[in-house]
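Number of protein chains: 2
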Amino acid sequence: MKIRRSGRLVDMTNYLLQHPNQLLPLTIFSERYDSAKSSISEDLAIVKQTFEQQGIGTLLTVPGAAGGVKYIPGVSSEEATLTINDLCHLIAKPDRLLPGGYLYMTDILGHPQLVNQVGRLFAAVYGDRPIDVVMTVATKGIPLAYAVASYLNVPVVIVRRDSKVTEGSTVSINYVSGSSKRIQTMVLSKRSLDEGANVLIIDDFMKAGGTINGMISMLEEFKANVAGIGVLVESEGLEERLVDEYISLVKLTEVDVKAKKIEVNIGNYFNFLK
Amino acid sequence: MKIRRSGRLVDMTNYLLQHPNQLLPLTIFSERYDSAKSSISEDLAIVKQTFEQQGIGTLLTVPGAAGGVKYIPGVSSEEATLTINDLCHLIAKPDRLLPGGYLYMTDILGHPQLVNQVGRLFAAVYGDRPIDVVMTVATKGIPLAYAVASYLNVPVVIVRRDSKVTEGSTVSINYVSGSSKRIQTMVLSKRSLDEGANVLIIDDFMKAGGTINGMISMLEEFKANVAGIGVLVESEGLEERLVDEYISLVKLTEVDVKAKKIEVNIGNYFNFLK
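If you read the sequences in order, they're chains A and B.
Under this note's numbering, think of the first position of the first sequence as 1, with each following residue one higher.
Under this note's numbering, think of the first position of the second sequence as 275, with each following residue one higher.
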């Protein structure tokens with residue numbers, strides 16, 4: 001069906017946003033709109049310019065017969081700052097404090113738009129690394145992992161605390177929780193990860209890093225590689241951190257249960273955003 | 275910053291897609307593009323026409339000072355058919371059969387684009403009902419629940435099998451699993467649901483419906499209402515189903531472990547798609 005430029009731009013924008021990090025041959029669009037490739041190229045130039053100008057990301061054009069166009073999600077540093085400031089503001093509310101110095105974050109993690117935005121922020125920094133899969137541990141990290149994976153266009157694998165019959169055969173490891181020093185177990189379905197896969201680890205919270213370290217051990221079992229580690233919130237002020245290289249959006253600098261006070265800062269995210 | 279129509283259409287499409295089911299005053303756009311409201315109205319007419327033509331959804335315009343425009347996600351019946359046929363094809367693969375007649379679906383649920391597409395299908399049928407929150411039970415239903423909630427622009431609450439310290443105080447109920455007749459427990463954080471909330475229940479799999487029935491009991495504890503029930507896969511051929519009204523995308527009509535055969539059909543989805 002023949003569609004005019006204005007309509008093409010609307011539909012093309014939607015199509016590209018639905019297919020991030022995927023090389024789309026131009027014929028998809030020329031057939032979809034019954035238009036010449038030259039018109040499609042002009043359309044894409046407009047989309048690219050607007051995406052870059054508005055901090056939506058960019059379009060990568062690959063020339064040649066096997067070429068096409070690829071939407072790379074991005075974020076402007078202004079928008080990233082706004083989002084992270086929002087998060088800091090939300091997390092600093094004193095009524096989040098639970099007995100034992102834990103933080104209630106379920107409401108924040110329950111908001112799809114906020115979670116998607118966090119996903120976009122991580123995708124913007126990890127987008128140029130080779131990543132085959134996003135891994136997280138049940139339950140809280142799951143929405144964040146899907147949000148990141150959605151923008152990177154890769155599958156998600158979920159490590160569990162217990163094995164379930166619907167997972168088929170599993171690999172199980174023991175690890176030491178960093179803060180409580182207790183021995184814990186995590187399991188992963190054997191079918192879910194290929195040897196040599198490049199894995200981005202995503203989680204909601206990192207204290208000493210025991211859980212993330214557990215996931216790294218799990219990757220060793222599968223002979224897979226750590227491609228990166230992203231956490232929404234890191235907790236500062238620990239004697240020893242088990243994990244070295246990670247990206248955090250928010251940093252807890254102080255949690256004082258008695259005084260009902262939470263001190264929050266921006267994490268190390270902006271050291272990595274281009 | 276002044277932006278031309280072509281650029282406005284691209285950015286506006288992105289903005290609307292990022293803010294589904296949300297009334298956006300036209301001033302958002304007139305300020306964003308430094309353009310007259312009459313030009314913005316013309317832009318929106320183009321977007322609306324394309325969205326409807328391409329099965330992306332529609333735009334609802336609310337006139338007056340408190341008015342604006344709202345993007346309502348939708349899906350064409352052709353696209354819904356393609357997606358559901360894809361799902362049927364994927365699910366019918368005999369190597370999904372696990373001991374006990376269970377199905378391995380982790381890989382399907384691990385694909386963000388497929389999961390998002392399922393979310394759009396559910397949002398297209400539930401979009402015109404008053405829904406305040408999407409509820410699911412950990413772990414497999416979580417990505418689907420977020421995908422639906424993302425399109426409906428409402429929060430997600432996750433019922434758990436066990437209580438965790440980071441949830442704060444919880445409400446716990448016992449329920450009878452429909453197929454195994456075992457007594458099980460589910461818990462939900464007290465803070466997570468308001469009285470009178472309209473709740474859409476989403477899950478990946480429904481056999482007799484025991485788990486979903488448990489969630490309905492949980493909603494009664496919170497004096498909240500069931501606004502709808504959506505499942506990815508329902509399993510047919512049970513003597514008694516505990517749940518009456520639900521929407522399913524895929525129906526398992528036969529699972530023969532010995533013969534390694536899975537028979538799959540389209541669920542009741544198309545009875546509900548307008």
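Note that CB positions come from ideal geometry on N, CA and C, so glycine has one too.
If you're wondering where the values come from, they're calculated on a predicted model, not measured in any experiment.
- Within chain B, the residues Ala412, Thr413, Ile416 have their CB atoms less than 9 angstroms from the CB of alanine 138 of chain A, given in chain order.
- Excluding the 5 residues flanking it on each side, arginine 241 of chain A has same chain C-beta neighbours closer than 6 angstroms at Gly209, in chain order.
- Of the residues A:Arg4, A:Asn21, A:Gly196, the one whose Cα lies closest to the Cα of phenylalanine 29 of chain A is A:Arg4.
- Judged by DSSP secondary structure, asparagine 472 of chain B falls within the beta strand (DSSP E) whose first and last residues are 472 to 480.
- Just so you know, the alpha carbons of valine 154 of chain A and isoleucine 131 of chain A end up roughly 8 angstroms apart.
- The beta carbon of leucine 9 of chain A sits closer than 7 angstroms to those of Asp43, Ile46, Val47, all from its chain and outside the five residues before and after it, given in chain order.
- Our two residues, glutamine 18 of chain A and proline 99 of chain A, have alpha carbons roughly 42 angstroms apart in a direct line.
- Look at arginine 160 of chain A here: in three-state DSSP terms it is strand.
- The segment 207 to 227 of chain A makes no contact with the segment 56 to 71 of chain A, as fewer than three CB pairs between them are under 8 angstroms.
- Proximity of chain A to threonine 287 of chain B at the Cβ level (cut-off 7 angstroms) is accounted for by Val10, Thr13, Asn14, in chain order.
- Contact between leucine 144 of chain A and isoleucine 202 of chain A holds: CB atoms are separated by about 5 angstroms, below the 8 angstroms threshold.
- Shown here, tyrosine 104 of chain A sits in coil according to DSSP, grouped into three states, outside any helix or strand.
- Burial of arginine 160 of chain A is indicated by the presence of at least 16 other C-beta atoms within 10 angstroms of its C-beta.
- Beta-bridge partners of threonine 410 of chain B (DSSP): B:Ile432.
- Taking the Cα of valine 431 of chain B as reference, the smallest distance to any Cα among A:Ser163, A:His89, A:Met105 is reached at A:Met105.
- The Cβ atoms of proline 20 of chain A and tyrosine 71 of chain A sit closer than 8 angstroms to each other.
- Shown here for isoleucine 183 of chain A: same chain residues with a beta carbon closer than 7 angstroms to its own, the five before and five after excluded, namely Asn174, Val176 in chain order.
- Inter-segment contact for the segment 77 to 96 of chain A and the segment 262 to 274 of chain A is present: three or more beta-carbon pairs are separated by less than 8 angstroms.
- Taking 8 angstroms as the CB threshold, isoleucine 158 of chain A lines the interface with chain B.
- Distance from the Cα of glycine 119 of chain A is smallest, within the candidate group A:Asp204, A:Asp162, A:Ala65, A:Ile40, for A:Asp204.
- For threonine 170 of chain A, none of the residues of chain B pass the 7 angstroms Cβ criterion, the least Cβ distance being about 11 angstroms.
- Assigned with DSSP and collapsed to three states, valine 349 of chain B falls in coil, not helix or strand.
- Annotation: alanine 36 of chain A to lysine 2 of chain A spans about 11 angstroms, alpha carbon to alpha carbon.
- The three-state secondary structure of alanine 354 of chain B, taken from DSSP, is helix.
- Taking C-beta separations shorter than 7 angstroms and ignoring five residues to either side along the sequence, the partners of glycine 168 of chain A in its chain run Ser189, Lys190, Arg191, following chain order.
- Secondary structure at glutamate 510 of chain B: coil, using DSSP grouped into helix, strand and coil.
- By DSSP's assignment, lysine 455 of chain B forms no beta bridge with any residue.
- By the rule that beta-carbons nearer than 8 angstroms mark a contact, alanine 423 of chain B touches chain A.
- Under a criterion of Cβ atoms nearer than 8 angstroms, the residues of chain B adjacent to asparagine 153 of chain A are, in order, Pro386, Gln387.
- Where leucine 334 of chain B is concerned, the enclosing beta strand (DSSP E) starts and stops at 331 to 336.
- Straight through space, the alpha carbons of lysine 260 of chain A and arginine 403 of chain B are spaced by roughly 40 angstroms.
- Valine 389 of chain B and serine 172 of chain A have their C-alpha atoms roughly 27 angstroms apart.
- Neighbours of threonine 380 of chain B across chain A, judged by C-beta separation under 9 angstroms: Val157, Ile158, Thr166, Glu167, Gly168, Ser189, Arg191, Ser192.
- A Cβ of chain B is located within less than 8 angstroms of the beta carbon of serine 6 of chain A.
- Among the CB atoms of chain A, one or more fall inside 8 angstroms of the CB of asparagine 390 of chain B.
- Leaving aside the five residues that flank leucine 395 of chain B on each side, the residues in its chain whose CB is nearer than 6 angstroms to its CB run, in chain order, Val349, Ala354.
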